[in-house]
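First comes the structure, then the notes that go with it.
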Amino acid sequence: MDLRTFYKKAVSDLFGVIKTEDFSGEFIDLFEETEKSIHVLISSSPNISVLNEILQDAYTLAEKVAMIKPSALKRLMRLRDNYQDLIRKAINKSLILSEALRLGGNVANLTCPECSKLLLKDLDFCPYCGIELLKCTVCGAVIGGNRGVVVCPRCGEYTHSKCISEINNKCSKCGSNLTEKNSLP
Numbered sequence: 111m112d113l114r115t116f117y118k119k120a121v122s123d124l125f126g127v128i129k130t131e132d133f134s135g136e137f138i139d140l141f142e143e144t145e146k147s148i149h150v151l152i153s154s155s156p157n158i159s160v161l162n163e164i165l166q167d168a169y170t171l172a173e174k175v176a177m178i179k180p181s182a183l184k185r186l187m188r189l190r191d192n193y194q195d196l197i198r199k200a201i202n203k204s205l206i207l208s209e210a211l212r213l214g215g216n217v218a219n220l221t222c223p224e225c226s227k228l229l230l231k232d233l234d235f236c237p238y239c240g241i242e243l244l245k246c247t248v249c250g251a252v253i254g255g256n257r258g259v260v261v262c263p264r265c266g267e268y269t270h271s272k273c274i275s276e277i278n279n280k281c282s283k284c285g286s287n288l289t290e291k292n293s294l295p
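Numbering-wise (the numbering used here), the sequence shown opens with residue 111 and increments by one.
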């Protein structure tokens, strides 16, 4: 799941709590349209800080709606706290990356295939554009760009075409045979 999908899920969960309350059809339609609009904003958001602001605004709106139906407030607060913990972890990874880049430290010369920024090797998402980073199971490099990629037909693991000979043309996860016919275009 990439970061934008994660934020969209958070918004959908948030509005899901509100929709379970006993509101009239007009309110439900309004909530559904608002949720769709927020999803569009998330899709076009340039970076994590804007995503966080959008999500915070969605929470504020939901909490105001919960004042009408207080039974939803406790569930909304719990949901917000859970997502804020996960978001804090993503932001911390971003700050660690920024500091490492500033100090010239632990950068693995990996680049994001979407935005081309330098990344740390242990990141799961690009802290700049939010895309999920798929990595080769053999060399650990980010999958993307012009490099050929083989996908295991059984388990879906990604491996660079040039790396499959290092593992005897077998998937490192499930042992299935890998060939060039399993390559992504």
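Quick reminder that beta carbons are idealized off the backbone N, C-alpha and C, glycines included.
- The residue among Lys272, Asn157, Val260 with its C-alpha nearest the C-alpha of Leu288 is Val260.
- In the structure shown, Leu244 falls within a coil segment according to DSSP collapsed to helix, strand and coil.
- With the rule of 3 Cβ pairs closer than 8 Å, the segment 113-126 counts as touching the segment 138-148.
- Non-local C-beta neighbours of Leu161 in its own chain, meaning closer than 8 Å and more than five positions away in sequence, comprise Leu113, Arg114, Tyr117, Ile152, Ser155, Gly240, ordered along the chain.
- For Ala182 and Asp234, the gap between their C-alpha atoms comes out near 33 Å.
- Collapsing the DSSP output to three states places Asn157 in coil.
- At a Cβ-Cβ threshold of 9 Å, Ala172 and Ile128 count as neighbours.
- The distance from the Cβ of Ser275 to that of Glu290 is about 11 Å, inconsistent with a contact at the 8 Å cut-off.
- Annotation for Val259: the continuous beta strand (DSSP E) segment containing it runs 259-261.
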